[in-house]
Structures are given as structure tokens and as C-alpha cells.
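Residue numbers (mature numbering (1 follows the signal peptide of the UniProt record, and there is no 0)): -32 to -1, 1 to 74.
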């Protein structure tokens, strides 16, 4: 007669070996070969907009803004440009600087 835990121990050993095999060969995401570049727009005038545009050979993956010390009030706009090649931001009052995160195209 078999010991009741023999099957359990065998199952645990198989699962441990399978987990070790998966951990030994991590998946590489498709974007791993791409290189990120952060582009900064020119500071806006008070209440004006700042736009950061991705250079040729890259595409936009995200962006944001930084309020300048003189800024007061909320940010009016913050998002990708209409053609999705850059990022634009506008403060209600004061200056803002937009930045775009761009990836190289393969």
C-alpha cells in the first residue's frame, strides 16, 4: 500500500520543476528593443500652450507637463496633439512646459 502523501509529493515536485523552467526563460516584451526619448517643449507664455513634438523616426507613447514657478490656477489642457505626434499642455495662468515620451520605430 502506498503512503497517502506520495502522490502529493510527486505533484509538488512536478509543479516546482515547471515553475523553475518558466522562471529560467523570462518572456521579452515586443517593445524591449525600442528606445525611449523624452522631448521637452518650449516654456509657454502666461496662459499660453507648450507643445513637445516627437522627432522623425519616433512615435508618441505618452507625455505630460511641468508647471513653471509662476503658474497659478489649473491646467486647461494636457494631452496628445491632434495628429498624435506630440504632447501639448496649457495652464490657465502662468507658464507650462510640455514633454512627450517618444519611442523609436523599428
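Cβ coordinates follow ideal geometry from the N, Cα and C atoms, glycine included. On a predicted model such as this, the values are computed, not experimentally measured, just so you know.
Practice problem: Have a look at 57, 51, 28 and 33 and flag the residue whose alpha-carbon is nearest the alpha-carbon of residue 72. | Solution: As a position in the chain shown, residue 72 is number 104, starting the count at 1. Of 57, 51, 28 and 33, the residue nearest in Cα terms is 28.
Quiz item: For the beta strand (DSSP E) that residue 18 lies in, which residues bound it at each end?
Solution: Within the chain shown, the letter at position 50 stands for residue 18. Run containing residue 18: 17 to 21, per the beta strand (DSSP E) assignment.
Quiz item: Alpha carbon to alpha carbon, how far is residue 26 from residue 19?
Solution: Counted from its first residue, the chain shown places residue 26 at position 58. Counted from its first residue, the chain shown places residue 19 at position 51. Approximately 16 Å, taken between the alpha carbons.
Quiz item: Is residue -10 helix, strand or coil by DSSP?
Solution: To locate residue -10, count along the chain shown from 1; it is residue 23. Low confidence applies to residue -10: its pLDDT is 41, below 50, so where it sits in the model is not reliable, and the reading given next is rough at best. Residue -10 falls in the helix class under three-state DSSP.
Exercise. List the endpoints of the continuous beta strand (DSSP E) containing residue 14.
Key: Mapped onto the chain shown, residue 14 falls at position 46. Residue 14 -> no beta strand (DSSP E), and no H or E assigned at all.
Quiz item: For the beta strand (DSSP E) that residue 56 lies in, which residues bound it at each end?
Solution: In the chain shown, the residue the question calls residue 56 occupies position 88. Its beta strand (DSSP E) spans residues 54 to 61.
Practice problem: With a threshold of 16 other CB atoms inside 10 Å of the CB of residue 64, please say whether the residue is buried or exposed. | Solution: Along the chain shown, read from residue 1 onward, the residue named residue 64 stands at position 96. Buried, because 16 or more other Cβ atoms sit within 10 Å of the Cβ of residue 64.
Quiz item: What's the gap between the Cα of residue 4 and the Cα of residue 32?
Solution: The residue labelled residue 4 in the question sits at position 36 within the chain shown. The residue labelled residue 32 in the question sits at position 64 within the chain shown. Going from the Cα of residue 4 to the Cα of residue 32 covers about 15 Å.
Quiz item: How is residue 40 classed by DSSP in three states: helix, strand or coil?
Solution: The residue you call residue 40 lines up with position 72 of the chain shown. The answer is strand: DSSP assigns residue 40 an E or B state.
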